[in-house]
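Numbering (our numbering), first residue to last: 2 to 256. For glycine and all other residues, C-beta sits at the position ideal for the given N, C-alpha and C. Quick caveat, the model's predicted, so the values are computed rather than measured.
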Ligand code: NAP
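#1: In the DSSP assignment, the beta strand (DSSP E) including residue 248 goes from what residue to what residue?
#2: Alpha carbon to alpha carbon, how far is residue 248 from residue 125?
#3: Run the CB neighbour count on residue 109, radius 10 Å, all protein chains shown included, and call it buried at 16 or more, exposed below.
#4: So residue 32 is in the alpha helix (DSSP H); what residue range does that whole segment cover?
#5: Counting C-beta neighbours from all protein chains within 10 Å, is the total for residue 12 16 or more, i.e. buried, or is it exposed?
#6: Give the straight-line distance between the Cα atoms of residue 114 and residue 106, rounded to the nearest whole angstrom.
#7: In the structure shown, what three-state DSSP assignment does residue 98 receive?
#8: Is residue 241 buried or exposed, if buried means 16 or more other CB atoms sit within 10 Å of its CB?
#9: Please go through the same chain and pick out, in chain order, the residues whose beta-carbon is closer than 7 Å to the beta-carbon of residue 163, but skip the five residues on each side of it.
#10: To the nearest angstrom, how far is it from the Cα of residue 59 to the Cα of residue 34?
#11: Taking 8 Å as the threshold, find out whether the stretch 143-156 comes into contact with the stretch 190-204 through three or more Cβ pairs.
#12: Have a look at residue 38 and residue 184 and give me their C-alpha separation to the nearest angstrom.
#13: Taking only the alpha-carbon atoms, compute the straight-line gap between residue 98 and residue 22 and give it to the nearest angstrom.
#14: Which word fits residue 169, buried or exposed, when buried means at least 16 other C-beta atoms lie within 10 angstroms of its C-beta?
#15: Between the stretch 121-139 and the stretch 65-81, do at least 3 Cβ pairs fall closer than 8 Å?
#16: Please identify the residue among 230, 243 and 235 whose C-alpha is closest to the C-alpha of residue 251.
#17: Put residue 5 into one of helix, strand or coil per three-state DSSP.
#18: Taking C-beta to C-beta, are residue 239 and residue 36 nearer than 8 Å?
#19: Please give me, in chain order, every unbroken run of the beta strand (DSSP E) with length at least 3 that falls completely inside the stretch 168-247.
#20: I need the straight-line Cα distance from residue 204 to residue 198, nearest angstrom please.
#21: Would you tell me roughly how many angstroms separate the C-alpha atoms of residue 175 and residue 147, rounded to the nearest one?
#22: Measure the C-alpha to C-alpha separation of residue 172 and residue 138 and round it to an integer number of angstroms.
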């Protein structure tokens, strides 16, 4: 268990994780806590899950604040970062993770409302968080951003959610462009592109058995675990990745 003394002996790190209440975001929060980060955990609805994850983070020895925010709303994003700074100090890391898919299906059958929501959360939300992080981190001379993308960005996901895949391809473009824009400011920008990971997301999109069903199509023969994505995110935020920027790290079992 990392103690407060251990953490303050190193450089203080305060990291914002959007969608930190469940799934990949929750695993990332707990992993980062063990590596000496203090955490600001964003969530939108599930306060009980957010509090459970915050408790796990504190048990790992880190400070943690849970903030209810809809990342597609500018004022919410501003409040998230303002709260982070006032409660824990300057933000040194951002994990852009909050994402939605809408129901599984062909584009021809998708509603405009679902398309709009996916674009607003997955793309506008990532842009708003990156913009605020860029402003704050540039003013303080550095930081690191990790955008959680998806293998869907290159697979296209026909029949499932091409609109979601499109937002993840946009995430990759955002990552590459912003890394070049912010490199001179000492800010690294990378992405992790997970394959099919065992989280609630599949039940939410209408097929809770999707990870098990997909196993046969994955070279490693199984879906991934949230902790396996958290490890990649933690590495990209760490000093070991000090020369890594503009990278899309695929963590998809070979898919
Ligand atoms: P998940 O289990 O469904 O959790 C989604 C998280 O995002 C929750 O913490 C949720 O908060 C939060 N959230 C949703 N909409 C939000 C909004 N508008 N504002 C703020 N927070 C919001 O999802 P996951 O599977 O962990 O996915 C995390 C990321 O990984 C997403 O970007 C997703 O696209 C990506 N990804 C997932 C997979 C996969 O197979 N699971 C594969 C590739 C990429 P509440 O708890 O409050 O609802």
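On the basis of the supplied data:
#1: Neither: residue 248 is in no beta strand (DSSP E) and is coded neither H nor E.
#2: 21 Å
#3: exposed
#4: 24-35
#5: exposed
#6: 14 Å
#7: coil
#8: exposed
#9: 108 and 157
#10: 8 Å
#11: yes
#12: 22 Å
#13: 11 Å
#14: buried
#15: yes
#16: 230
#17: In this prediction, residue 5 scores a pLDDT of 49, lower than 50, which makes its location untrustworthy; no coordinate-derived value is stated.
#18: yes
#19: 188-195
#20: 12 Å
#21: 11 Å
#22: 20 Å
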